[in-house]
Amino acid sequence: MPHSSPFLLLPLLLTALLAPLTAQQPAASATLQLPRGTVHLDQPGDGRIWAKGDDWKASFGADGVAFVPFLGAAAPRNFPLALQLVRVTSGVRDVPFAAVGRPLPRGEARIEIARGSVVEAYDLRAGGIEQMFVFVDAPRNGALAVELAITSELHGEALADGACRFRNEHGGVDIGKATVIDAAGRTAPCTLSFTPERLRWTVPAEFVAAATFPLTIDPLITTSGLLPAQVTPLLLPDVAFVGSWGGWYGAVIEEIFSATDHDVVIVARDSAGNLGDTEYVDFTSVSWIRPKVASHRTASQFLCVAQRAGSSAFGIAARLVDFSALGGFPTLSALGQIPVTTTIFEARPDVGGDGSILSALPGDYCITWEANGAVFYRRIDTTGAFGIVQTIPSTQPATNARIAKSCGSNLAAVADWTIVYEQEVNASDHDIWGMRLSRTGQAGVPFAIATGPTDDRHAEVSAKADLIAGEPWMVVWDRFVPGGPFTFAHFDIHGAVYSQDSAITPATNLTSLLLRTTSFDQTNPCVDSDGIRFAVGFAERPQAVADVQPYLATVHVANGSSLDVTAYAELLNASASPDDHLQITSEHSGGASTSGYMAVWDVTLSSNVVTSVGALYQGHVNISSASYFAHILNGCGQMQITEAGLPALGQVISITLVGAQGIPILALGTSVPPIPLCVACELGVDPATAVLLLTTNYSLQIPADTALIATQVAAQGIDFLAPGGCASPILATLTDELLITLL
1230 MPHSSPFLLL
1240 PLLLTALLAP
1250 LTAQQPAASA
1260 TLQLPRGTVH
1270 LDQPGDGRIW
1280 AKGDDWKASF
1290 GADGVAFVPF
1300 LGAAAPRNFP
1310 LALQLVRVTS
1320 GVRDVPFAAV
1330 GRPLPRGEAR
1340 IEIARGSVVE
1350 AYDLRAGGIE
1360 QMFVFVDAPR
1370 NGALAVELAI
1380 TSELHGEALA
1390 DGACRFRNEH
1400 GGVDIGKATV
1410 IDAAGRTAPC
1420 TLSFTPERLR
1430 WTVPAEFVAA
1440 ATFPLTIDPL
1450 ITTSGLLPAQ
1460 VTPLLLPDVA
1470 FVGSWGGWYG
1480 AVIEEIFSAT
1490 DHDVVIVARD
1500 SAGNLGDTEY
1510 VDFTSVSWIR
1520 PKVASHRTAS
1530 QFLCVAQRAG
1540 SSAFGIAARL
1550 VDFSALGGFP
1560 TLSALGQIPV
1570 TTTIFEARPD
1580 VGGDGSILSA
1590 LPGDYCITWE
1600 ANGAVFYRRI
1610 DTTGAFGIVQ
1620 TIPSTQPATN
1630 ARIAKSCGSN
1640 LAAVADWTIV
1650 YEQEVNASDH
1660 DIWGMRLSRT
1670 GQAGVPFAIA
1680 TGPTDDRHAE
1690 VSAKADLIAG
1700 EPWMVVWDRF
1710 VPGGPFTFAH
1720 FDIHGAVYSQ
1730 DSAITPATNL
1740 TSLLLRTTSF
1750 DQTNPCVDSD
1760 GIRFAVGFAE
1770 RPQAVADVQP
1780 YLATVHVANG
1790 SSLDVTAYAE
1800 LLNASASPDD
1810 HLQITSEHSG
1820 GASTSGYMAV
1830 WDVTLSSNVV
1840 TSVGALYQGH
1850 VNISSASYFA
1860 HILNGCGQMQ
1870 ITEAGLPALG
1880 QVISITLVGA
1890 QGIPILALGT
1900 SVPPIPLCVA
1910 CELGVDPATA
1920 VLLLTTNYSL
1930 QIPADTALIA
1940 TQVAAQGIDF
1950 LAPGGCASPI
1960 LATLTDELLI
1970 TLL
């Protein structure tokens, strides 16, 4: 349980009182929403323009369009339909056009490719693409026709109404009946001529002869509704916080478009959980998996990294996502993709950012990954410029590297990241190691964290608690515990706190410390720091039960040498489906002075339906909404006492007296049983220890000392010489007593 301790408040030593407290319930979980009803445009750097709607994506190049329908996550791969303009005729004569053109975005939802005599244009809609061939002028002596080459694995067929369909057992693409319209608004149906390799629309000669140019042919391309509505699986989320524009969380999520094509989206929410902007980090045909994200405070920026997997690209890729303020609302803008590495064996990236608000300091990101039994790292700045690739020395195969979310806030005396990773002794014995890396790239010496015959895996590391002495950081991991004659084999979570590369607490069984059932599995922990304490998340599964449940707890260093509980584990989501892959970030890691957290995880609803959710968490003790500022003794006059702020370690609170009719005095001290001053007025602050302040407003920054957790301080206003109060022993009225519990 939390411990009470005396502390110095102003010049007076107050006696701390410990009340029974419970952990704070996290905010209700909410789905990390994806953009619907919106078209996204992107130029990732592969020479093509990409667009994405609700159930399709497409790329546009010099040769035309490749439309990719979403056929469900179970589809074994993408089945694009490529259309290329290959011939234009007027009557029996060919009309010259440019076979190659440069696609250009026109506004937010239109792409044009100029081809000389004809402009190939695409109006983009959430539900499909309107393909248009626009003729500023054309010969009037015959029917006008456009012919397109078709490239696709989908089987094509003409439909009776003049449309055509391309399909397989998973679904397909519909190309609607083409219509021609001239500048005067006259319309006519086009005639379809179709083979599996060619598509030809013909405008009647009589319409061309009477047309007012420009003249447009405009079929509609949509995903064919051959299957019931498909849910896009969303999995393996990660989250970071940036303190810019009032503070925003950025959650990156892996979206399954097909079995070989996973996309990544970033969803922004403010510190109150309100949904902000959403943008795709990648939706090309190259699969991005296992996304991770960090932030850079002074650049108002996120960096997302992911592992690329596919026949055309491998290795690690990154993408910068900038914040900008348009119309007073922060928006996300994905900059060009950055190939960090290009080798097939490179996998499992992670990224750390910079929470400092001091722009004069060199501020980079650091990316870690693994390949061929070794762990690598590389710095990258806010423009996408790289440092050199470096390897962490290891005597055993090294894998599963993780890096702190931030190298420190502006208050950090030493700005550096911690990288933790596994070393494999054998298949049933893995050790946890760590290494410090400075903001300027200077690497420390690797050091052991958990070694010996135990199997220790899946380590995660926090940013530093750099508001307290020693700037400690925490590492957590899970450990396999073999079963015995009367016990199940199971996993427990462990943790330890370090200052630089020296342990200040022993490795501690967090399963036991948090009073969890030791025969259950507690796995996949995560951790971050609010600058003072550490929020720890984990997944718990009872024996022989498929359901996995996510929990969050908060711990702190007590007496400078051991771990203690600030807030016991709270269930984040009580769904009957497995909730796993929990990740957490603090606002402090993103350069904020506030102490909140956001946790994200995925929920497996069925074999092909996974969604990602998130929840806010304060990580403090308690409580009901008013318990930390409790008005426990009614006043007896006109003057009132009010409060503002959150009485958490490291935070600022203010106490104000309003409505005084005499001389206002603020009394601070220890709460005692009510002392009658007269029939109507009772004093709740111990007069023997109280400090009296001749003021109507007082602000106090709570010291960043974990020994103060659960300390209670009383405040009461005295309106000296106010009418209608006590006449003896003093002429005064009193406000309510305000009891403040430090979180």
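Residue numbering for the sequence shown follows this note's numbering, starting at 1230 and increasing by one per position. In this text, a Cβ means the ideal position worked out from N, Cα and C, and glycines have one as well.
Pick helix, strand or coil for SER1210, following the three-state DSSP scheme.
Residue 1210 is absent from the model: the chain starts at 1230 and stops at 1972.
What are the start and end residues of the beta strand (DSSP E) that includes VAL1493?
If you number the sequence shown from 1, residue 1493 lands on position 264. Here the beta strand (DSSP E) through VAL1493 covers 1490-1499.
Does DSSP classify HIS1525 as helix, strand or coil?
On the sequence shown, residue 1525 is found 296 positions in, with the first residue counted as 1. In the structure shown, HIS1525 sits in a strand (DSSP, three-state: E or B).
Under the three-state DSSP convention, the category ALA1439 falls into:
Locating residue 1439 in the sequence shown gives position 210, counting from the first residue. ALA1439 falls in the helix class under three-state DSSP.
Does DSSP put ALA1374 in a helix, in a strand, or in coil?
In the sequence shown, counting from the first residue as 1, residue 1374 sits at position 145. Under the three-state reduction of DSSP, ALA1374 is assigned to strand.
Assuming VAL1832 contacts GLY1843 under a Cβ cut-off of 8 Å, what Cβ separation, rounded to an integer in Å, is found between them?
Translated into the one-based positions of the sequence shown, residue 1832 becomes position 603. Translated into the one-based positions of the sequence shown, residue 1843 becomes position 614. No, VAL1832 and GLY1843 are not in contact; Cβ-Cβ is about 11 Å, not under 8 Å.
If you compare alpha carbons, which of VAL1643, THR1612, CYS1636, VAL1649 is closest to PRO1622?
Residue mapping note: residue 1622 aligns to position 393 of the sequence shown, counting from 1. Of VAL1643, THR1612, CYS1636, VAL1649, the residue nearest in Cα terms is VAL1649.
So, using beta-carbon positions, are THR1452 and PRO1273 closer together than 8 Å?
For this step, residue 1452 is matched to residue 223 along the sequence shown. For this step, residue 1273 is matched to residue 44 along the sequence shown. It is not a contact, given that the beta carbons lie outside the stated cut-off.
Specify, as a first and last residue, the run of the alpha helix (DSSP H) that THR1740 falls within.
Residue 1740 sits at position 511 when you count from the first residue of the sequence shown. First-last of the alpha helix (DSSP H) with THR1740: 1739-1742.
Simplified DSSP state of LEU1960, which is helix, strand or coil
What you label residue 1960 is simply residue 731 of the sequence shown in a count that begins at 1. DSSP places LEU1960 in the coil class of the three-state scheme, outside both helix and strand.
For LEU1388, name the three-state secondary structure that DSSP assigns.
Working through the sequence shown from its first residue, we reach residue 1388 at position 159. In this structure, LEU1388 counts as coil in the three-state DSSP scheme.
If I measure Cβ to Cβ from SER1854 and keep anything under 6 Å in the same chain, skipping five residues before and after, which residues do I get?
Residue mapping note: residue 1854 aligns to position 625 of the sequence shown, counting from 1. Bear in mind that a pLDDT of 45 at SER1854, under 50, signals an unreliable position, so the number given afterwards is only what the model happens to contain. Excluding residues within five positions, none has a Cβ falling inside 6 Å.
Just confirm the distance between the C-beta atoms of THR1513 and ASP1275, as a whole number of angstroms; I'd bet it's less than 8 Å.
On the sequence shown, position 284 is the one that residue 1513 refers to. On the sequence shown, position 46 is the one that residue 1275 refers to. Contact flag correct, Cβ pair sits at about 7 Å.
Would you list the one or two residues that DSSP bridges to MET1868?
Counting from 1 along the sequence shown, the entry for residue 1868 is found at position 639. Answer by DSSP bridge pairing: none, since MET1868 is not bridged.
ALA1603, DSSP secondary structure in three states:
Counting from one through the sequence shown, the residue named residue 1603 turns up at place 374. It is a strand residue.
Pull up the distance between the alpha-carbon of GLY1954 and that of ILE1904, whole angstroms please.
Counting from one through the sequence shown, the residue named residue 1954 turns up at place 725. Counting from one through the sequence shown, the residue named residue 1904 turns up at place 675. Looking at the two C-alpha atoms, the distance is approximately 15 Å.
Return the chain-ordered ranges of every beta strand (DSSP E) run that is complete within the segment 1661-1744 and spans a minimum of 3 residues.
1676-1679, 1684-1690, 1702-1710, 1719-1728
Using only the alpha-carbon positions, how far apart do SER1806 and VAL1774 sit?
As a position in the sequence shown, residue 1806 is number 577, starting the count at 1. As a position in the sequence shown, residue 1774 is number 545, starting the count at 1. Taking the straight line joining both Cα atoms gives about 11 Å.
Can you tell me where the beta strand (DSSP E) holding SER1422 begins and where it ends?
For the purposes of this step, residue 1422 is identified with residue 193 of the sequence shown, where counting begins at 1. 1420-1424 is the extent of the beta strand (DSSP E) around SER1422.
Beta carbon of LEU1270 nearer than 8 Å to that of PRO1309:
Taking the first residue of the sequence shown as position 1, residue 1270 is located at position 41. Taking the first residue of the sequence shown as position 1, residue 1309 is located at position 80. No, the pair does not count as a contact, with Cβ atoms beyond the cut-off.
Given 8 Å as the limit, is there contact between the segment 1902-1921 and the segment 1815-1826, that is, 3 or more CB pairs closer than that?
no
Near ASP1965, which residues of its chain fall below 7 Å by C-beta distance, leaving aside the five closest residues on each side in sequence?
The sequence position of residue 1965 within the sequence shown is 736, counting from 1. So the list reads HIS1860, LEU1862, ASN1863, GLY1864, ILE1870, once near-sequence residues are dropped.
Opening and closing residue of the beta strand (DSSP E) in which HIS1860 lies
Numbered from 1 along the sequence shown, position 631 holds the residue referred to as residue 1860. Per DSSP, HIS1860 belongs to the beta strand (DSSP E) from 1858-1862.
Residue nearest to GLY1724 in terms of C-alpha spacing, selected from CYS1910, PHE1767, PRO1714, PRO1932:
Residue mapping note: residue 1724 aligns to position 495 of the sequence shown, counting from 1. Checked all of CYS1910, PHE1767, PRO1714, PRO1932; the closest Cα to GLY1724 is PHE1767.
The segment 1349-1365 contacting the segment 1419-1428, beta-carbon criterion three pairs below 8 Å
Two segments are said to touch when three or more pairs of C-beta atoms, one from each, lie closer than 8 Å; by this definition the segment 1349-1365 does not touch the segment 1419-1428.
Indicate whether ASP1579 and ALA1630 have their beta-carbon atoms separated by less than 8 Å.
Indexing the sequence shown from 1 puts residue 1579 at position 350. Indexing the sequence shown from 1 puts residue 1630 at position 401. The answer is yes: Cβ separation under 8 Å.
Please list, in chain order, all residues of the same chain as GLN1530 whose beta carbon is under 8 Å from its beta carbon, the five residues on each side excluded.
Taking the sequence shown and counting its residues from 1, the one referred to as residue 1530 is at position 301. Non-local C-beta neighbours of GLN1530 in its own chain, meaning closer than 8 Å and more than five positions away in sequence, comprise VAL1471, SER1524, LEU1549, VAL1550, ASP1551, PHE1552, THR1611, ordered along the chain.
Rounded to whole angstroms, what's the CA-CA distance from LEU1972 to ALA1694? Just pull it up for me.
Reading the sequence shown from its first residue, position 743 is the one you call residue 1972. Reading the sequence shown from its first residue, position 465 is the one you call residue 1694. Approximately 16 Å between the Cα atoms of the pair.
With DSSP run on the structure shown, which of helix, strand or coil describes SER1748?
As a working note, residue 1748 is residue 519 in the sequence shown. Coil at SER1748, not helix or strand.
Between the alpha carbons of VAL1347 and THR1669, how many angstroms are there, rounded?
Numbered from 1 along the sequence shown, position 118 holds the residue referred to as residue 1347. Numbered from 1 along the sequence shown, position 440 holds the residue referred to as residue 1669. Distance between the alpha carbons of VAL1347 and THR1669 is about 55 Å.
Inter-residue spacing [alpha-carbon to alpha-carbon] between THR1267 and VAL1493:
Mapped onto the sequence shown, residue 1267 falls at position 38. Mapped onto the sequence shown, residue 1493 falls at position 264. Looking at the two C-alpha atoms, the distance is approximately 16 Å.
With a cut-off of 8 Å on the beta carbons, I'd call LEU1886 and GLY1946 a contact; round off their distance for me.
Against the sequence shown, residue 1886 aligns to sequence position 657. Against the sequence shown, residue 1946 aligns to sequence position 717. Indeed they touch by this definition, with Cβ atoms about 4 Å apart.
Delimiting residues of the beta strand (DSSP E) encompassing CYS1533
Reading the sequence shown from its first residue, position 304 is the one you call residue 1533. Counting along the chain, the beta strand (DSSP E) containing CYS1533 begins and ends at 1530-1538.
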